[in-house]
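Asker: Using our numbering, read the sequence shown as starting at 620 and increasing by one per residue. C-beta atoms are modelled at their ideal positions from N, C-alpha and C, and glycine is treated no differently. Pasting in a structure now, in structure tokens, and then I'll have a few things to ask.
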Amino acid sequence: MKRRSVLKGLSAGSIAAMSMGPLATMLANSAMAAETQRIRTLFIYHPNGCVPDIFFPAAGPLGSFPAMSAPLQPVANQLVFLDGIGYKGDGNTHEGGARKCLTGTDNSTAGLSSIEVQMGKEDWANRASTGISKPSIQMGVGTKWGDSADKRVSYDSGTSLHSVDDPRILYPQVFGASGADSNKLEVVARARADLTRLKSRLGYIEAQRLEQHIEAMDVLEQRLNSASTGGCLDVSTSIKPRVDRIVGGTEEALWNTNVLANISGIQQDIAVAALSCNITRTIAMMYGVPVSPIVVPGTSTNDHDLSHQDAAAHTTSKIWWMGQIRQLIQKLAATPDVNGTLLDNTIICTVSDLGHGNRHNHHRIPMFLAGGKNAGLVTGRSVDLRPLGTPGLKWGDQTASEGIVNHTNVLMTIAEKAGYTSVKMPTQNGRINNVWVNNGAGL
């Protein structure tokens, strides 16, 4: 009997069946998943577009970065910028762009689902092999404002999904409310009972082999009792105390400039743990919302107003969002995973509601990919897709004189490279295989 078979038996037994919550099943599932390389996906929204000419680095190997994307310089070798991406469809301005981000259409309310929801449903249908406990996670920082479908990027069959921005709400949703030492010991006891149950069903030879693989139980016990192994294994000691220290009963308390970085850091750690622990394989994370009123650190004016001033003003807020994304990338890169790091096994895709923030257009969206080494993504460069796109087409309510490529081609390529077969994007008309290994220079 292989160690993986033992772990499958554990995860299918009382640990999962009894009402121990996600944290307990997570430990068994992550032990199973520890032997298998799995590609994850992380879609990150940042608000109010950009100024493309000072966001996108020059095409080719990444050297120096322009002002708006400069905070990403330390992770340059993990990035591939995609210049010349547009949102197809009539919906325009901020809200239309938000609806298109992950669904591919401004008709998101007509029964369509965003890409991470579609991926999650496929994973959930195959959960006997994927081992996940949540299909997908929608989370964010400063996303409550407006509280309407127009401020969302995630949809499930036309129903908008709120990106949870309060760690006090998100933590128990992801990890469950358990985690105290007494609960951990109870999990160990139940796991040992499962081992006994499995052994009693085996013949003599198989039972002897089970004894040889008893280290599977040791792995679970270590993961339950050690706070030094990182990631999902110590969420009750590394994340939960920080969540408990959050004060303030209103959503606005989470947006204040002086607490924004702390909330962002906690949310990032929850995302990293959820992916590392195989709670889910796909996350949509929103930084702010369309027409975001947040005043980020280093500025004194809200983000939306800055986007309608000059390029220098918009840069002062955009660099904070880019700094947060860089920090998340670095955390993923510092988390060990099969055949490398969690970043190596995660394809990150950034989106926004607009291309040029002040012009309200839907072309030259500030999109880049990151990580994905074990999915074949070739990083450390900027790709200008405009020569490969069709000029003179309408994106939103404005026509682009230059060639633009449909962003759903990017989403479909990501889905396929991550191993999904059921994802559908209504406006896709091709792929962008050229940013992956051995796919040549064309689309």
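Give the DSSP-derived three-state secondary structure of G705 in the structure shown.
Answerer: In the structure shown, G705 sits in a strand (DSSP, three-state: E or B).
Asker: Taking G990 as part of the beta strand (DSSP E), name the residues at either end of that continuous run.
Answerer: Note, G990: beta strand (DSSP E), 986-990.
Asker: Let me know if A994 comes out buried or exposed under the rule of 16 or more other beta-carbons within 10 Å of its beta-carbon.
Answerer: A994 comes out buried.
Asker: Looking only at DSSP bridge pairs, what is K1013 linked to?
Answerer: According to DSSP, K1013 bridges with T1018.
Asker: Spell out a yes or no on whether the region 1023-1039 and the region 700-719 are touching, meaning 3 or more CB-CB pairs, one atom from each, closer than 8 Å.
Answerer: Touching, yes.
Asker: Can you name, in chain order, every residue of its own chain whose Cβ lies under 6 Å from the Cβ of S883, other than the five neighbours on each side?
Answerer: The answer, listed in chain order, is V760, Q943.
Asker: If you drop the 5 nearest sequence neighbours on each side, which residues of the same chain put their C-beta closer than 6 Å to that of Q737?
Answerer: Same-chain partners within the cutoff: V1042.
Asker: So V910 and H923 are supposed to be a Cβ contact under 8 Å. How far apart are they, rounded?
Answerer: Yes, they are in contact, since the Cβ atoms of V910 and H923 sit about 5 Å apart, within 8 Å.
Asker: Let me know if T848 comes out buried or exposed under the rule of 16 or more other beta-carbons within 10 Å of its beta-carbon.
Answerer: Confidence at T848 is low in this model, with a pLDDT of 39, below 50, so its placement is unreliable and the value that follows should be read with caution. Exposed, because fewer than 16 other Cβ atoms sit within 10 Å of the Cβ of T848.
Asker: Note the first and the last residue of the continuous alpha helix (DSSP H) segment covering Q757.
Answerer: No alpha helix (DSSP H) holds Q757; the beta strand (DSSP E) holding it covers 756-760.
Asker: Leaving aside the five residues before and after G1011 along the sequence, list all residues of the same chain whose C-beta is less than 8 Å from its C-beta, in chain order.
Answerer: Within the same chain, G1011 has close Cβ partners T1018, A1019, S1020.
Asker: According to DSSP, simplified to helix, strand and coil, what is Y790?
Answerer: Correct three-state label for Y790: helix.
Asker: Going by CA-CA distance only, name the one from F684, L701, Q1047, I751 that's closest to C896.
Answerer: That would be I751, whose Cα lies nearest to the Cα of C896.
Asker: Looking at the C-beta of A695, does it have a partner C-beta in chain B at a distance below 7 Å?
Answerer: Judged by its chain identifiers, the structure shown contains no chain B, having just a single protein chain.
Asker: What is the C-beta distance between T749 and V957, in whole angstroms, given that I count them as a contact (C-beta under 8 Å)?
Answerer: 14 Å between Cβ atoms; not a contact.
Asker: With distances taken from CA atoms, which of H933, G907, V1029, Y906 is nearest S919?
Answerer: Answer by Cα proximity: H933.
Asker: Which residue from S688, D972, D863 puts its Cα closest to that of I984?
Answerer: With distances taken between Cα atoms, I984 lies closest to D972.
Asker: For G730, which residues in the same chain have their Cβ closer than 8 Å to its Cβ, ignoring the five residues on either side in sequence?
Answerer: These residues qualify, in order along the chain: S776, G777.
Asker: Between the Cα of C669 and the Cα atoms of I966, L996, S936, which residue gives the shortest distance?
Answerer: The shortest Cα separation from C669 among I966, L996, S936 belongs to S936.
Asker: Taking C-beta to C-beta, are Q886 and M758 nearer than 7 Å?
Answerer: The answer is yes: Cβ separation under 7 Å.
Asker: With distances taken from CA atoms, which of L721, K740, T1046, K992 is nearest M986?
Answerer: Residue L721 is the option with its Cα nearest to M986.
Asker: Among K992, V970, N977, whose alpha-carbon lies nearest the alpha-carbon of L925?
Answerer: Considering only alpha carbons, the answer is N977.
Asker: If you count every other CB in all the chains shown that lies within 10 Å of the CB of D800, and 16 or more means buried, which is it?
Answerer: Model confidence at D800 stands at a pLDDT of 41, short of 50, so the residue's coordinates are unreliable and nothing is read from them.
Asker: Do I1033 and C968 count as a contact pair if the criterion is CB distance below 7 Å?
Answerer: In this structure, I1033 lies closer than 7 Å to C968 by Cβ.
Asker: CA-CA distance, P786 and V862?
Answerer: Cα-Cα distance, rounded: 6 Å.
Asker: In whole angstroms, what separates the C-alpha of V793 from that of T1009?
Answerer: Taking the straight line joining both Cα atoms gives about 43 Å.
Asker: Consult DSSP for M905 and reduce its assignment to one of helix, strand or coil.
Answerer: Three-state DSSP puts M905 in a strand.
Asker: Using the rule of at least 16 other Cβ atoms within 10 Å of the residue's Cβ for burial, across every protein chain shown, is G679 buried or exposed?
Answerer: Its Cβ having fewer than 16 others within 10 Å, G679 is exposed.
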